[in-house]
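Number of protein chains: 2
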Amino acid sequence: MNGAESLVTTLLAGGVDTCFANPGTSEMHFVAALDRIPGMRCVLGLFEGVVTGAADGYARMAGKPAATLLHCGPGLANALANLHNARRAATPIVNIVGDQATYHRPLDAPLTADTEGWARGVSGFVRTATSAATVGRDAAVAIQAARTAPGQIATLILPADTAWTEGGVVAEALPVPTRPRADPHAVATAAAVLRRREPTVLLLGTDALDAPALELAHRVATATGASLMALGSNARMARGRGRVAVNRIPYPVDQAVAAMAGFRHVILVGARSPVIFFAYPNKPGTPLAPGAHVHVLTRPEQDPRDALARLADELGAPAAAVPDPGPRPTPARGALSPEAVAQTLGALLPEGAVVADESVTYGRGFFPATFAAAPHDWLQVMGGAIGGGPPMATGAAVGAPGRRVINTQADGSAAYTLQALWTQARERLDVTTVIFANHKYQILLGELANVGANPGRTALDMLDLGNPQLDWVSLARGMGVEAARTDTCEGFADLLAASLRRPGPFLIELTV
Amino acid sequence: MNGAESLVTTLLAGGVDTCFANPGTSEMHFVAALDRIPGMRCVLGLFEGVVTGAADGYARMAGKPAATLLHCGPGLANALANLHNARRAATPIVNIVGDQATYHRPLDAPLTADTEGWARGVSGFVRTATSAATVGRDAAVAIQAARTAPGQIATLILPADTAWTEGGVVAEALPVPTRPRADPHAVATAAAVLRRREPTVLLLGTDALDAPALELAHRVATATGASLMALGSNARMARGRGRVAVNRIPYPVDQAVAAMAGFRHVILVGARSPVIFFAYPNKPGTPLAPGAHVHVLTRPEQDPRDALARLADELGAPAAAVPDPGPRPTPARGALSPEAVAQTLGALLPEGAVVADESVTYGRGFFPATFAAAPHDWLQVMGGAIGGGPPMATGAAVGAPGRRVINTQADGSAAYTLQALWTQARERLDVTTVIFANHKYQILLGELANVGANPGRTALDMLDLGNPQLDWVSLARGMGVEAARTDTCEGFADLLAASLRRPGPFLIELTV
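Taken in sequence, the protein lines are chains A and B.
Okay, so the first sequence: first residue is 0 according to numbering that gives the first Met the number 0, each after it adds one.
Okay, so the second sequence: first residue is 0 according to numbering that gives the first Met the number 0, each after it adds one.
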């Protein structure tokens, strides 16, 4: 048994049975090992940003890490932006990077780079394997690190000779540390704050946004008059009919400040204290009201469901029915607008849908119209690195077979990682991509105004994607995905409904 | 004057008048400054790998650095693979990365990352600006660092508030250090080695491959019986009729070893000592013959033309006419093959063409058939990070207006950075992309055999790009570039000739 075989077997023993890959020469023995050891599903990406973004989406739906397979420092470099997003989402990933053989590295061949250095910024764990005999154990530690709450990226760098040399030893799965519970003092403090009945918001993040945790938070809020809110971006939210409806802190700084203005107390449940995405001259860096008190019920690595249940008990909060969100919307008619698209989504989202959302400006208002949609999950790009959406949708479809993934997608961001469409076609994944083709970096036009700049022709040119216009129908077909374009709500509803009836990927370009 | 305005003015004062950009919020003041200060050509890329690959190609042709404009750590991350390639090419680039405002960084907003850490692996110089008052001086130092021989990447990180704050000060251009000359001892040693008339090769790299240096090297070789050879990959080679024909060390390890087997002495002229791209079990790490002596005439930062002239004088080598490469080939007919494509290229390359070559396996034999082509320059991807070709072609066209760029391009590599086509369309660049669509990672099939692996179905699947086939004509049209497909030599010759007659980009998909 060589090192690569011990690695693959150890991954499978640790429950890692899906590998998103873009291999190169130094990974050939890992690839060859996949032939000899059954059980690993390998999903090829044409670009490493697809590989890691898919691993992010996969783990959010599957509840366990995928492995990646990347090629040397530059392959890792291409993967970093979506690893950054995955890090911000606290997604577990066993990130395997093949590299130069240990004895070849000193020769500084062209592809040699600072692989470890590049990995550190996104990884909670980095190790370079040193021998075939120990790479199995290295992998077991990496899986354990990845699965340790709240989830992190564990990078294992695999010099080619540690893969091809005989003497590999399979390692048993290491125990995943028990998830820490909230400190009793934190529960008591939160209860005391809530009993004061001052304006208070429970700010929910990570898995405080799953359905059971939301119900507990709702019970607490109903009993105490507190509000519930989520951060602006979230890894996964349970939404739709039968789920507790929660709004997010808006992205634009003034709206964010307005949303938080009334709250004297902010109780964090799995959420970080909120910050504004960017600084703007003479604007605050956080949306918190001046003098607001921030209390931590649970940090992201602590169990929010347990803490919320204890908090509800401490408060003697009675059971509270999930509010009815009103009737499910009907598909909109006429010209496309953000509101009309949201209404149509609310009408047509199928039960169990997974929305992979990188709609940026166009989708900022999609939430209210989808509260009454069929139950679904909503995933967002967490680190602000654009190009997360199509890969995340791809991985989510692998991680949640049988559920339809709807990728609500800005055009400028989609252009970063359009290669994800090819993987969707290859794997016949049930993904409907909806491109909001406004042919500009709309967000930057707003930001240009926000920073007080007064744009002229050169500046506007740099934010314009309309010369030439990207033709998303051609691009999708070039990647093997069927596609169509429309500029009406009726057209959108027809195309969306049609895509839901048939297996495999489809792309809808909305001319907006 | 704000910091951004002082930065733009300082760049122009330092001769940096072209900026490849993919800006975000934190760069909006830089973008706004471009409106108010005339003289900077801004070229937008849809993805940062396009931006930096284009900056690489630009500088190789223009002989001076471009600036880049990237957005925060993740934007830099997307740019790293082609910065790695540029570093290996010793290309000067003033790499500007906007980032969080100095006072906002401690809040760890979603896009915050280890920007400096990621920059280090590719940069000879890294500095984070600390105030608007000093950013002009920082830029002047960065330009000086980038232009210091042999050329390097100088990264200037620009926190948003150092751009938007008033009090910017323009800095004058700093002197570029005089290029060091070869040590007299090195010249004397090389002469002594050559006088022995033992089997010796002058191994040429960097600008020892421009036309005047090649002629001097040829004069030395003719006088001493030495051979001339180039490294496997080179930033820019002067080639074609009237230029001294030089072969490269082949990529496959066995062929590389065979090519160098006869040489007892290797004299490096601007070249690094050759190494094999990857280690393979039981194969050597360098192609050098056992016991071969390596002598350094010039390191890459030293002036090779001066050294070769002094060496020729020291040897009393008489002038030597450039050998006639024989008749220019005629276009091939019939089915496509690497030899036939090379022959057609040799026949049709226009005078002054720039070949941006990322043909990987398909183009390994293109050299011999193009020795007798019209005079042209040949650029290669230097760091082995795939996806360098289309951006390099894009930048070369910006840096060499009036010359036709032919991008000989492997399909798997092109899929990494196909967004470059959009920039070619937008800027109406004279680039003909020739895609060798074999629909597989052909190089890896060879490597799989090289490492001794015996591929089965899973392994072969991971190297197969044919399910579905990428349709490059659709992809190009989606990016705004006209395109056509052919599977015959006649079709290729017709399309290539047609593309040379008309301005702007064109893509030819060769079904091979």
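Just so it is clear, CB atoms sit at the ideal spot from N, CA and C, and this is done for glycine as well.
Could you give the first and the last residue of the continuous beta strand (DSSP E) run that contains Glu508(A)? Membership of Glu508(A) in the beta strand (DSSP E) is indicated by the continuous run Phe505 to Thr510.
If Leu296(B) sits next to Leu310(B), beta carbons under 8 Å apart, how far is it from one beta carbon to the other, in whole angstroms? In this structure Leu296(B) touches Leu310(B) by the C-beta definition: roughly 7 Å separates them, less than 8 Å.
Starting from Ile95(A), follow the alpha helix (DSSP H) in both directions and report where the run begins and ends. Membership of Ile95(A) in any alpha helix (DSSP H) is not indicated; the residue belongs instead to the beta strand (DSSP E) covering Ile92 to Asp98.
Return helix, strand or coil for Glu47(B), following the three-state DSSP convention. Looking at Glu47(B) - three-state DSSP - the assignment turns out to be helix.
On a CA-only basis, which of Thr285(A), Ala260(A) and Asp470(A) is nearest Arg271(A)? Give me that one, please. Among Thr285(A), Ala260(A) and Asp470(A), the Cα nearest to that of Arg271(A) is on Thr285(A).
Between Ala237(A) and Leu203(A), is the Cβ-Cβ spacing less than 8 Å? Cβ distance not < 8 Å, so Ala237(A) and Leu203(A) don't count as in contact.
Of the listed residues Asp34(B), Ala148(B), Pro322(B) and Val49(B), nearest to Thr177(B) (C-alpha basis): The shortest Cα separation from Thr177(B) among Asp34(B), Ala148(B), Pro322(B) and Val49(B) belongs to Ala148(B).
Are the CB atoms of Pro73(B) and His294(A) nearer to each other than 8 Å? Pro73(B) is not a Cβ neighbour of His294(A), given a cutoff of 8 Å.
Please list the partners that Gln418(A) has in chain B, where partner means a Cβ-to-Cβ separation under 7 Å. Within chain B, the residues placing a beta-carbon under 7 Å from that of Gln418(A) are Ala414, ordered along the chain.
If I measure Cβ to Cβ from Ala339(A) and keep anything under 6 Å in the same chain, skipping five residues before and after, which residues do I get? Excluding positions up to five away in sequence, the list reads Ala331 and Cys488.
Based on the DSSP output, what are the partners of Lys439(A) in its beta bridges? Paired residue(s): Asp463(A).
Pair within 8 Å by beta-carbon distance, Ala346(B) and Arg327(B): For the 8 Å CB-CB criterion, Ala346(B) and Arg327(B) form a contact.
Within 8 Å, do at least three Cβ pairs link the segment 42 to 62 of chain B to the segment 379 to 387 of chain B? At 8 Å Cβ cutoff, the stretches touch.
Taking a contact to mean a Cβ-Cβ separation below 8 Å, would you say Ala159(A) touches Ala80(B) in this structure? Not a contact, by the Cβ cut-off of 8 Å.
Status (buried if at least 16 other CB within 10 Å, exposed otherwise) for Asn77(B): Around the beta carbon of Asn77(B), 16 or more other beta carbons sit within 10 angstroms, so the residue counts as buried.
Residues that Ile156(B) bridges to, as DSSP identifies them: Ile156(B) pairs with Val96(B) and Thr127(B).
Given 8 Å, three or more beta-carbon pairs between the segment 58 to 67 of chain A and the segment 101 to 118 of chain A: Below 8 Å, too few C-beta pairs join the segment 58 to 67 of chain A and the segment 101 to 118 of chain A to call them touching: fewer than three.
For Trp377(B), return the contacting residues in chain A, with the cut-off set at a CB-CB distance below 9 Å. Neighbours of Trp377(B) on chain A: none; closest Cβ ~17 Å, over 9 Å.
Taking the alpha carbon of Pro400(A) as the point to measure from, which residue in Thr407(A), Gln423(A) and Phe435(A) has its own alpha carbon closest? Closest option to Pro400(A), Cα to Cα, is Gln423(A).
Buried or exposed, going by whether 16 or more other CB atoms sit within 10 Å of the CB of Glu214(A)? Glu214(A) should be labelled buried.
For Tyr415(A), which residues of its own chain have a beta-carbon under 6 Å away from its beta-carbon, when the five flanking residues on both sides are left out? Same-chain partners within the cutoff: Ile385 and Gly386.
With 16 as the cutoff for other CB atoms within 10 Å, does Pro37(B) come out buried or exposed? Counting C-beta atoms within 10 angstroms of its own C-beta, Pro37(B) has fewer than 16 neighbours from the protein chains shown and is therefore classed as exposed.
Residue-chain proximity (Glu214(B), chain A), Cβ-Cβ < 8 Å: It does not: the Cβ of Glu214(B) has no partner Cβ on chain A nearer than 8 Å.
Sort out for me which residues DSSP pairs Met381(A) with in a bridge. DSSP output for Met381(A) lists no bridge partner at all.
Going by beta carbon distance, what residues of the same chain come within less than 8 Å of Ile507(B), once the five residues before and after it are set aside? A distance below 8 Å between beta-carbons, with the five flanking residues on each side excluded, links Ile507(B) to the following residues of its chain, in chain order: Thr431, Thr432, Val433, Ile434, Ala482, Ala483, Arg484, Thr485, Phe491, Leu494, Leu495 and Ser498.
Drop a sphere of 10 angstroms on the beta-carbon of Asn437(B), count the other beta-carbons inside from all chains shown, and report buried for 16 or more, exposed for fewer. When all chains shown are included, Asn437(B) counts as buried.
Drop a sphere of 10 angstroms on the beta-carbon of Glu446(B), count the other beta-carbons inside from all chains shown, and report buried for 16 or more, exposed for fewer. Here Glu446(B) is buried. Its C-beta has 16 or more other C-beta atoms within 10 Å.
Glu165(A) - DSSP class collapsed to helix/strand/coil: In the structure shown, Glu165(A) sits in a strand (DSSP, three-state: E or B).
I believe Gly166(B) touches Ala132(B) by the beta-carbon criterion, under 8 Å. Please report the beta-carbon distance rounded to the nearest angstrom. Right, the Cβ-Cβ distance comes to about 5 Å (below 8 Å), so this counts as a contact.
Relative to chain A, which residues along the segment 257 to 268 of chain B have a C-beta separation below 8 Å, given in chain order? Contact residues of the segment 257 to 268 of chain B toward chain A are absent (C-beta to C-beta distance below 8 Å).
At a Cβ threshold of 8 Å, is Met391(B) touching chain A? Not closer than 8 Å to any Cβ of chain A, the Cβ of Met391(B) fails to qualify, so no.
On the DSSP bridge list, what partners appear for His70(A)? Gly97(A).
Return no unless some Cβ of chain B is closer than 8 Å to the Cβ of His292(A). No, His292(A) lies away from the interface with chain B (no Cβ there is under 8 Å from its Cβ).
Run through chain B and tell me which residues come within less than 7 Å of Gln423(A), C-beta to C-beta. Using a Cβ-Cβ cut-off of 7 Å, Gln423(A) is close to nothing in chain B; its nearest Cβ partner there is about 10 Å away.
Between which two residues does the beta strand (DSSP E) carrying Glu481(A) extend? Unbroken beta strand (DSSP E) run through Glu481(A): Glu481 to Thr485.
Residue-level contact to chain A via CB, Tyr102(B), 8 Å cutoff: Judged by the 8 Å Cβ criterion, Tyr102(B) is in contact with chain A.
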